[in-house]
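Visitor: Below you'll find the structure I mean.
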Amino acid sequence: MLAAALGLSQPTPQAEAPQAQNTAAALQSATTAEATLSWEWAATPAPPPEDGKLRVIQFGAHPDDCEIRAGGCGAMWAKLGHHVKFVSVTNGDIGHWQMAGGPLALLRTAEAFKAAKILGVATEVLPIHDGELEPTLENRRTITRLIRAWNADIVISHRPNDYHPDHRYVGVLVQDSAYMVAVPFFCPEVPPLKKNPVFLFSYDTFQRPNPFRPDIVVAIDDVIEQKLDALVAMPSQFIEGGALGNASMVPTNAEQMEKRVREVRESFRRRFASIADRCRPKLIDLYGEEAGKKVRYAEAFEICEYGRQPRPEEIRELFPFLPKK
1310 MLAAALGLSQ PTPQAEAPQA QNTAAALQSA TTAEATLSWE WAATPAPPPE DGKLRVIQFG
1370 AHPDDCEIRA GGCGAMWAKL GHHVKFVSVT NGDIGHWQMA GGPLALLRTA EAFKAAKILG
1430 VATEVLPIHD GELEPTLENR RTITRLIRAW NADIVISHRP NDYHPDHRYV GVLVQDSAYM
1490 VAVPFFCPEV PPLKKNPVFL FSYDTFQRPN PFRPDIVVAI DDVIEQKLDA LVAMPSQFIE
1550 GGALGNASMV PTNAEQMEKR VREVRESFRR RFASIADRCR PKLIDLYGEE AGKKVRYAEA
1610 FEICEYGRQP RPEEIRELFP FLPKK
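All you need for this note's numbering is the position in the sequence shown, starting with 1, plus 1309.
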């Protein structure tokens, strides 16, 4: 069933089985199909051409974090011809309640590539175990190399006080790289950046030690369906509940699948609507009172103190879908 949802294979029809057995069979079918796919999965996306377009790289802890937090902006940048890359710093290999290890890493990589295709962005999944990310020197080097290779104008990550240790350490690693990307003899095999990027944190609701500050809030109404399409292309996480799901969440027929997909889409609609509501003053500031009040769905970012500090007019250049003043 998951393989079919991902467009990876057409499983042979069979009699309806108990939910847990059905899930295991579907997952096995999906991972078998994925193992035969192109080796393009393992390849690092080529750096974009020097064409004057923006270069955006986002680091998420797991295959789904970038898509949740900036899938709308990613799609809008991509539509304008800008270069966007999502990096999952871990492979998500314990992010399901029934399976783990290599088969799940393959499945979640498949989901990430499916979502990236829907959004029009590049993607990469690093070979680090889910739940085991640490802010080591080698991982700092990895993040630094990736930012340099993409020659990034914008770098997005979690804040370092997020709920999940992998999220927190992604934030720490990206912050630790914010200065080092310009230091010539750190990772000298990759040329240092000549201009420091703007580093941004993606939205969260955590209050301690300090709450999220919505410096940039973007209306995603025009791409909300595209973003939701990308998220439901990750059924291991959102149809089946990921690490904290259970067999009762697994659809066993087409009617149940349609119902579950509707539920997931509506849940995410509410989530992105709540960002717009919580950040309404900034939306009005950026879009004007009339337009700002009409925004239904949004993504929000905080400017990190490290890296380049953009002027107000530069923010509109970096987010060219914001209205010009």
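From the three backbone atoms N, C-alpha and C, an ideal C-beta is built for every residue, glycine too. A quick note: this is a predicted structure, and the numbers were derived from the prediction, not measured.
Identify whether Cys1375 lies in helix, strand or coil by the three-state DSSP scheme.
Guide: helix
Visitor: Val1393 bridges to which residues according to DSSP?
Guide: Val1365
Visitor: For the candidate residues Gly1601, Cys1588, Ser1576 and Ile1403, whose alpha-carbon lies nearest to that of Asp1513?
Guide: Cys1588
Visitor: Measuring alpha carbon to alpha carbon, tell me which residue in Asp1594, Asp1374 and Phe1368 is nearest Pro1523.
Guide: Out of Asp1594, Asp1374 and Phe1368, Asp1594 has the C-alpha closest to the C-alpha of Pro1523.
Visitor: Mind pulling the alpha helix (DSSP H) runs of 4 or more residues that sit fully within the region 1409-1474?
Guide: 1411-1428 and 1446-1459
Visitor: Can you list, in chain order, the residues of its chain whose CB lies under 6 Å from that of Ala1491, leaving out five sequence neighbours each side?
Guide: Apart from sequence neighbours up to five positions away, the residues of its chain that approach Ala1491 with a beta-carbon distance below 6 Å are Pro1501, Leu1502 and Asn1505, ordered along the chain.
Visitor: Does the region 1569-1586 come into contact with the region 1615-1624, if we say contact requires no fewer than three beta-carbon pairs (one atom in each stretch) closer than 8 Å?
Guide: no
Visitor: Please return the same chain residues whose Cβ sits closer than 8 Å to the Cβ of Arg1569, not counting the five positions on each side in sequence.
Guide: Ile1548, Met1558 and Pro1560
Visitor: Pull up the distance between the alpha-carbon of Val1396 and that of Val1481, whole angstroms please.
Guide: 15 Å
Visitor: Assuming Val1527 is part of the beta strand (DSSP E), what are its boundary residues?
Guide: Ile1525 to Ala1528
Visitor: Note the first and the last residue of the continuous alpha helix (DSSP H) segment covering Ser1557.
Guide: Here Ser1557 belongs to no alpha helix (DSSP H), and DSSP marks it neither H nor E.
Visitor: According to DSSP, is Gly1404 helix, strand or coil?
Guide: coil
Visitor: Between which two residues does the alpha helix (DSSP H) containing Ala1585 stretch?
Guide: For Ala1585, the enclosing alpha helix (DSSP H) starts and ends at Ala1563 to Arg1587.
Visitor: Taking the CB atoms as reference points, tell me whether Lys1362 and His1391 lie closer together than 8 Å.
Guide: It is a contact, given that the beta carbons lie within the stated cut-off.
Visitor: Compare the Cα-Cα distances from Pro1372 to each of Ala1355, Ala1421 and Ile1366 and report the closest residue.
Guide: The closest CA to that of Pro1372, considering only Ala1355, Ala1421 and Ile1366, is found on Ala1421.
Visitor: So Leu1509 is in the beta strand (DSSP E); what residue range does that whole segment cover?
Guide: Val1507 to Ser1511
Visitor: Determine, using beta carbons only, whether Val1526 and Leu1627 come nearer to each other than 8 Å.
Guide: no
Visitor: Looking only at its own chain, which residues have a Cβ that is under 6 Å from the Cβ of Asp1475, when we skip the five neighbours before and after it?
Guide: Excluding sequence neighbours, Asp1475 sits near Ala1370, Thr1399 and Leu1442.
Visitor: Determine the extent of the alpha helix (DSSP H) in which Ile1612 is found, giving its start and end residues.
Guide: Taken as a continuous stretch (DSSP letters only), Ile1612 belongs to no alpha helix (DSSP H), being part of the beta strand (DSSP E) at Ala1607 to Gly1616.
Visitor: Pick from Ala1431, Phe1368, Phe1610 and Pro1544: whose alpha carbon is nearest that of Ala1384?
Guide: Ala1431
Visitor: If we ignore side chains and look at the alpha-carbon of each, how far apart do Val1464 and Glu1572 end up?
Guide: 32 Å
Visitor: Taking the alpha helix (DSSP H) that Ile1624 belongs to, which residues open and close that run?
Guide: Pro1621 to Leu1627
Visitor: So Val1499 packs on Ile1452, CB below 8 Å; how close in whole Å?
Guide: That belief does not hold up - the Cβ atoms of Val1499 and Ile1452 are roughly 12 Å apart, past 8 Å.
Visitor: Where do the ends of the alpha helix (DSSP H) carrying Gly1601 lie?
Guide: Judged by DSSP secondary structure, Gly1601 falls within the alpha helix (DSSP H) whose first and last residues are Glu1598 to Lys1603.
Visitor: Just how far apart, CA to CA, sit Arg1417 and Trp1406?
Guide: 14 Å
Visitor: Between Pro1444 and Tyr1478, is the Cβ-Cβ spacing less than 8 Å?
Guide: yes
Visitor: Are the CB atoms of Gly1381 and Val1507 nearer to each other than 8 Å?
Guide: no
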